[in-house]
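S.K.: Can you keep this structure in mind? I'll have questions shortly.
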Amino acid sequence: MSFQFSSSSHNESFSQVWSSSSSLSKHGGISKDRISISKPTSFSCGSSIFDPANDYKESIINLNGKETMQNLNDRLASYLEQVRSLEEANVELETKIKEWHLKKSTKSKRDYSAYEKAIADLQGQLLDGHMNGGKLTLQMENAKLASDDFKRKFETEKHLRVDLETDLEGLRKVMDNLTIVRTDLEMEIEGMRKHIIYMRMGHEEDMKVAQFQRKDPAVDVKVDAAPSEDLAKVIANMRKEYEALIEKSRKEAEEWYNKQSTTVQKEVDSNTMAWQSSRDQVKEIKRTLQTLEIELQAEIRKKHGLQNSLAEAKAISSEQLQKIQTKICSLEDELRTVRSELERQNNEHTTLLNIKTRLENEIATYRQLLEGINT
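Counting from 1 along the sequence shown, just add 2 to a position and that's the residue number in the working numbering.
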């Protein structure tokens with residue numbers, strides 16, 4: 003039984019394995035680079051393995067093969083020891099990574115309750131601002147309706163005032179006419195009084211003539227006239243008639259004047275009271291309108307203040323939300339980085355496990371070869 007064995011190729015293969023394991027870059031004292039191992043393919047069995055002509059070389063081949071296998075076995079044992087140490091280091095590294103992620107997660111897990119409270123307060127302020135804005139709008143609408151109502155009332159009272167002034171102007175004309183009538187009546191009364199005085203003077207002259215005739219009988223005055231009644235009696239009757247007529251006219255004039263004056267005065271008083279009431283109402287409406295305008299301006303200023311506060315609150319909340327969003331994006335980037343790092347380490351771990359499996363398979367193959375050579 004003969005073997006054709008190339009020890010140089012074995013040595014080169016394990017040298018590559020050893021150099022690959024020793025050239026790993028360190029991360030925290032542990033290798034992280036991939037290990038490249040070439041499978042030993044240096045054993046080859048020739049076509050004359052069972053050729054009896056080569057039996058004389060068996061002892062030499064066995065001697066060299068045992069030494070080479072012993073060397074390979076030592077190297078494999080050393081390499082397996084290194085693989086075990088790498089596995090332990092990998093486990094330790096995974097433990098450290100888990101601890102680091104745990105610490106990182108506990109550190110990065112911040113308490114946002116203060117922000118949530120501030121956001122809730124801002125939302126409450128926004129809601130209150132909207133409600134206050136609605137209330138102010140309703141109050142403004144009510145004030146506007148009240149203002150329009152007062153304006154309509156003011157226009158109505160203004161028209162009433164114009165009508166009252168027109169009526170007063172008509173009553174003034176009536177008063178002027180009554181004054182003219184009264185003046186005419188007074189002039190008539192004065193004329194009648196003058197006529198009475200003139201008649202009295204004529205009567206006195208007639209009385210004097212009559213008395214003179216009685217005292218001087220030599221004077222004989224003959225008047226061809228019908229016999230008349232007593233002149234004094236006639237004059238007295240005429241006086242009574244004129245006085246009665248004058249008194250009647252005076253009473254009628256006074257009665258008519260008093261009646262017209264009373265009627266006009268009542269109308270004037272009524273219109274004056276209505277005008278005074280209308281003027282008071284107009285003044286009250288003006289005061290109410292001014293008060294409403296002042297309240298409206300105050301409510302408008304209050305509304306503007308609330309709108310400014312609402313805009314500031316929105317700006318502050320938007321800025322805070324932007325900061326929180328930026329922080330969330332940063333944490334998401336860190337999380338992606340950590341996940342990629344874990345994935346890379348898992349890939350490296352898988353690679354190491356594959357290398358270990360391949361080495362174990364090669365060791366099993368070498369042991370089978372050694373056992374075959376020894377036997």
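Note that beta-carbon positions come from the ideal geometry of N, C-alpha and C, so glycine has one too.
At which residue ranges does the segment 299-344 contain complete alpha helix (DSSP H) runs of 4 or more residues, listed in the order of the chain?
M.R.: Correct list: empty.
S.K.: Report the residue from M275, Q283, V266 and I198 whose alpha carbon sits nearest the alpha carbon of A246.
M.R.: Of the listed residues, the one whose Cα sits closest to A246 is I198.
S.K.: Going by other Cβ atoms of all chains shown within 10 Å of its Cβ, with 16 needed for buried, is E188 buried or exposed?
M.R.: exposed
S.K.: Return the residue from the list I365, M133, I99 and A122 that minimises the CA-CA distance to R341.
M.R.: I99
S.K.: With a cut-off of 8 angstroms on the beta carbons, I'd call N92 and L344 a contact; round off their distance for me.
M.R.: Actually they do not touch by this definition, with Cβ atoms about 13 angstroms apart.
S.K.: Taking 6 angstroms as the limit between beta carbons, can you name the residues of its chain near N75, skipping five residues before and five after?
M.R.: none
S.K.: Taking L333 as the reference, give the member of N73, H103, Y244 and S87 with the closest Cα.
M.R.: H103
S.K.: Within 10 angstroms of the Cβ of E118, are there 16 or more other Cβ atoms? Answer buried if so, exposed if not.
M.R.: exposed
S.K.: Shortest alpha-carbon distance to N144 belongs to which of V284, L294 and N376?
M.R.: Put simply, of V284, L294 and N376 the residue whose alpha carbon is nearest the alpha carbon of N144 is L294.
S.K.: How many angstroms separate the CA atom of M240 from the CA atom of T185?
M.R.: 26 angstroms
S.K.: Here's the rule: buried if 16 or more other CB atoms are within 10 angstroms of the residue's CB, otherwise exposed. What is E364?
M.R.: buried
S.K.: Under 6 angstroms Cβ to Cβ from R360, same chain only, skipping five residues before and after it: list those, please.
M.R.: none
S.K.: Please state whether the Cβ-Cβ distance between V176 and V266 is less than 7 angstroms.
M.R.: yes
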